[in-house]
Amino acid sequence: MLVTDFPNLARENPKNGDYELLISFIKKSNRTKFFMGLPKDGGHVCLKTFVSNFNKNSRDYKAPSPQYPVIIVLDNDKGFDDFTKVINAAKTGPNELQEKDYRNKKFIHVIHNLYVVLTPLNEEREYSDIESLFDDNTRLIKHNGRCFNTVSNRNDNTDLSKINFANHIIHKQKTSINFNGFKCLLNRIRGAIGHYAEYRQEHTREGG
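Here the sequence shown stands for residues 110 to 317, where the numbers follow this note's numbering.
Laid out in structure tokens, this is it:
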């Protein structure tokens, strides 16, 4: 289990051998739609709005400095093309980067406690997505006669959809699925958490 490699992300339950997450995932609802602009069925457009409004919304709520970072995990594919301008506009410092530079970073510190983590590019430095982190054995598992297929043979029109792959393959067979391909992504998330801890400590000393 990956839980032993990432003790700040999860820990094992000694009673049943299961694991307990030490990070929280946002469960989108009517409440998150009202307060954060994140509806249940929201996609990239909502996330871009969330990033764009993050600084303003942070100023609107008077509270102590956040203890933990907010991390948005995105596919490193064509959908990220127009995210670069959103990130650069949200940043307050003169450290704008080009799209290709963002794509190669382990994590992106946008502003305050907001981070973006992209799936690692493949060896050919081409696009990647969360599903590309699974090995071929997992991608070829069938549901109702269809599989998600390998990266090179993937056909969005005829192969198993992303939602069905997640629900009927990954979720139902999670105890036997090989998740080793996610180590690189989890390392990026761990890196963002560590970076924010240092950032917060530094700004606490400065009184900012």
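Don't be surprised by glycine CBs; every beta carbon is placed ideally from N, CA and C. Since the model is a prediction, treat every value here as computed from it, not as a measurement.
* Contact check, N185 vs L227, beta carbons under 9 Å -> Within the sequence shown, the letter at position 76 stands for residue 185. Within the sequence shown, the letter at position 118 stands for residue 227. The answer is yes: Cβ separation under 9 Å.
* To do: Just tell me which of K194, F291, T113, N276 has its CA closest to the CA of K157.
  => Taking the first residue of the sequence shown as position 1, residue 157 is located at position 48. Among K194, F291, T113, N276, the Cα nearest to that of K157 belongs to K194.
* To do: Please classify L111: is it buried, with 16 or more other beta-carbons within 10 angstroms of its beta-carbon, or exposed?
  => Counted from its first residue, the sequence shown places residue 111 at position 2. Exposed, because fewer than 16 other Cβ atoms sit within 10 Å of the Cβ of L111.
* In DSSP terms, what E235 is bridged to -> Here residue 235 is taken as the residue at index 126 of the sequence shown, counted from 1. None, per the DSSP bridge assignment.
* Asked: Cα separation between I279 and N162?
  -> Your numbering for residue 279 matches position 170 in the sequence shown. Your numbering for residue 162 matches position 53 in the sequence shown. Answer to the nearest angstrom: the Cα atoms are 34 Å apart.
* Distance, Cα to Cα, N296 vs F115? -> In the sequence shown, counting from the first residue as 1, residue 296 sits at position 187. In the sequence shown, counting from the first residue as 1, residue 115 sits at position 6. Looking at the two C-alpha atoms, the distance is approximately 8 Å.
* Asked: Does DSSP put A172 in a helix, a strand or coil?
  -> As a first step, residue 172 is located in the sequence shown; it is residue number 63 there, counting from the start. DSSP places A172 in coil when its eight states are reduced to three.
* Local Cβ density within 10 Å of G317, reported as buried at 16 or more and exposed below that -> Here residue 317 refers to the residue found at position 208 when the sequence shown is read from its first residue. Confidence at G317 is low in this model, with a pLDDT of 48, below 50, so the placement of that residue should be treated as unreliable; the coordinate-derived value is given next. Exposed, since its Cβ has fewer than 16 Cβ neighbours within 10 Å.
* To do: In angstroms with no decimal places, state the Cα-to-Cα distance between V160 and L118.
  => Within the sequence shown, the letter at position 51 stands for residue 160. Within the sequence shown, the letter at position 9 stands for residue 118. So the two alpha carbons sit approximately 24 Å from each other.
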